[in-house]
Amino acid sequence: MWFRRALALVVLTTVGFGLQACATAPSGVLVPVTTLPEGAREVSMLVYSVRAQTDEPGVVYSSRRGELLTSVVMDVSIPPDHEIGAIEWPRARQADPGREFATLSIAPVPDDASAEAWMTAQQTEGHLLVFVHGFNVPFDRAVYSLAQLTNDSGIKAAPILFTWPSLGRVWGYVYDRESANYSRDALERLLRLAAHNPDVKEITILAHSMGSWIAVEALRQYAIREGAVDPKIDNVILAAPDLDVDVFAQQFAALGSDRPHFTFLVSRDDQALRISRLLAGGVQRVGALDPSVEPIRSLLEQAGGITIINLADIRGRDRLNHSVFSQSPEVVRLLGGSLVSGPGLSGTSDLPLGAIVLDVAEAVTSDLSQKRPVAHRVPQPLHAPDAALSSTLAPASPLQVEAGGPVTERTEPPALPRDAPDD
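Quick note: the sequence shown uses our numbering, first residue 308, plus one each step.
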């Protein structure tokens, strides 16, 4: 086991230095511009952060952990000749909005009432998209990633960025993992605020990579404290989730029968998740599961309320093939047209290369014309299909739960199959 982890650290460091050496894009590019060229498009987003704020021009939030959850509204411009799936990164701190992504304005949000007013003012029929970025993402990258995804997918939901203190370095994996732990209470608070706004009708959570752990953990805490996740949070999309299969099984069970619908975007070609698996002692990551093979397919069918979309053989722009969800034009359009802006898996998809869509609550299909399954069936323990869940949730006090408050866990969570590490 120690050899695997040492090897993973060596690989991670080597890949990190290689990627950093190739990265020439400047940082601190969030300096607002004063002009907007004809044909440029604007994206306005609400940002919630547990990063430490900084006075450095064009940075706004650093990679360090802040003591408070703070928020701003940011307006971003997309250049007229933008290519779907790409971010035309500024070549200097003062961006050229005619050719590059640029920041138009940054406005502090002083209180929850102001944040709720922003949500209410958006012309999206009460639909929100909460995006949680992944590992190795500085703040400026998180902002422009959500702007790109919002623009390219054509989503009909108001974009909210939850950004957590990622170090923004490939070799900062352990720091990022601890920062993910640090951030789960803050995301839970954001979800409560959004759900309790009477003008908000539907909330979709989209989380990538390590951000998936924060998202699912926040939902688990929400369910335990309140007895169930608010029904407005009805759709959770996890892209390349860097989740231990055993840990996810416990989290999923804690959500109970009244849980959101889950969609996983997975790929066995994801090199970043292979490294993560080595660091985790050989335990499989949810984002690398192959839904077409047994026993995984049968176990997922038993759970119900989960859709798996296999993106194997679909390439992204990064070397590790870890961000296909935002870099492949076909997948980006899929997110906008079928998973986020509609009530479920509606519409059709032109995904290439025979991408497998596994609607595990119903059956395997080859297109996205299936409706969302009649979900929210009580999941059975996946290691013992005929066994009943052994415990119930113990809800804590409603709202105003102090950060780090007590939670009660199930004693017999289900478990997906995993590969035992070799010592």
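Backbone N, C-alpha and C fix where the C-beta goes; we use that ideal spot for every residue, glycine too.
Span of the alpha helix (DSSP H) holding residue i?
| i | result |
| --- | --- |
| V460 | According to the sequence as given, residue 460 is Ser; it is not Val. S460 -> alpha helix (DSSP H) spans F446 to S460. |
| V593 | Counting along the chain, V593 falls outside any alpha helix (DSSP H), and DSSP gives it neither H nor E. |
| I521 | G518 to E533 |
| E495 | Y480 to A502 |
What's the gap between the Cα of residue i and the Cα of residue j?
| i | j | result |
| --- | --- | --- |
| T341 | L411 | 7 angstroms |
| L375 | V357 | 6 angstroms |
| I613 | H568 | 6 angstroms |
| G563 | L526 | 11 angstroms |
| G649 | A501 | Only weak support is given to the placement of G649: the predicted model assigns it a pLDDT of 42, under 50, and the value that follows is read from those uncertain coordinates. Distance between the alpha carbons of G649 and A501: 19 angstroms. |
| A449 | L513 | 13 angstroms |
| A420 | S378 | 12 angstroms |
| R398 | P333 | 6 angstroms |
| A619 | G644 | 21 angstroms |
| V383 | G335 | 14 angstroms |
| P417 | S599 | 49 angstroms |
| S635 | L468 | 21 angstroms |
| S605 | G518 | 27 angstroms |
| V552 | R566 | 18 angstroms |
| T427 | A493 | 21 angstroms |
| M352 | S486 | 23 angstroms |
| K508 | L641 | 22 angstroms |
| H515 | I544 | 9 angstroms |
| P339 | Q557 | 44 angstroms |
| L572 | P472 | 24 angstroms |
| A402 | S583 | 35 angstroms |
Helix, strand or coil for residue i per DSSP?
| i | result |
| --- | --- |
| A332 | coil |
| Q429 | coil |
| V600 | coil |
| L658 | Summary for L658: the model assigns pLDDT 44, below 50, so the residue's position carries little reliability; its value from the coordinates is reported in the next sentence. Three-state DSSP puts L658 in coil, outside helix and strand. |
| L436 | strand |
| F571 | strand |
| A701 | Confidence at A701 is low in this model, with a pLDDT of 29, below 50, so the placement of that residue should be treated as unreliable; the coordinate-derived value is given next. Of the three classes helix, strand and coil, the one that applies to A701 here is coil, per DSSP. |
| A561 | helix |
| L316 | Summary for L316: the model assigns pLDDT 44, below 50, so the residue's position carries little reliability, and this model does not support an answer. |
| L468 | strand |
| A556 | helix |
| L337 | coil |
| P415 | strand |
| V543 | strand |
| I731 | No answer is possible for residue 731: it lies beyond the span of the chain, which begins at 308 and ends at 730. |
| D551 | strand |
| E637 | helix |
| I582 | helix |
| P692 | Unreliable placement is indicated for P692, whose pLDDT of 29 sits below 50; the coordinate value is still reported in the next sentence. The answer is coil: DSSP assigns P692 none of H, G, I, E or B. |
Could you work out which residue in the options is closest to residue i when comparing CA atoms only?
| i | options | result |
| --- | --- | --- |
| Q429 | A465, E407, W396 and F408 | A465 |
| L474 | E637, V379, P445 and G611 | P445 |
| P548 | G588, L596 and I531 | L596 |
| L586 | G441, N443, F408 and V481 | V481 |
| A409 | P386, W425 and I391 | P386 |
| H503 | R484, S516, G365 and Y529 | Y529 |
| T570 | A610, I616 and L607 | I616 |
| R372 | A546, A561 and Q360 | Q360 |
Hey, quick one: how far does the beta strand (DSSP E) through residue i stretch, first residue to last?
| i | result |
| --- | --- |
| E349 | R348 to Q360 |
| R372 | Y368 to I385 |
| H389 | Premise fails: H389 is in no beta strand (DSSP E) and is neither H nor E. |
For the 8 angstroms Cβ check, are there 3 or more pairs between the segment 430–444 and the segment 509–524? yes
Three or more C-beta pairs closer than 8 angstroms, one from the segment 445–460 and one from the segment 531–551: is that the case here? no
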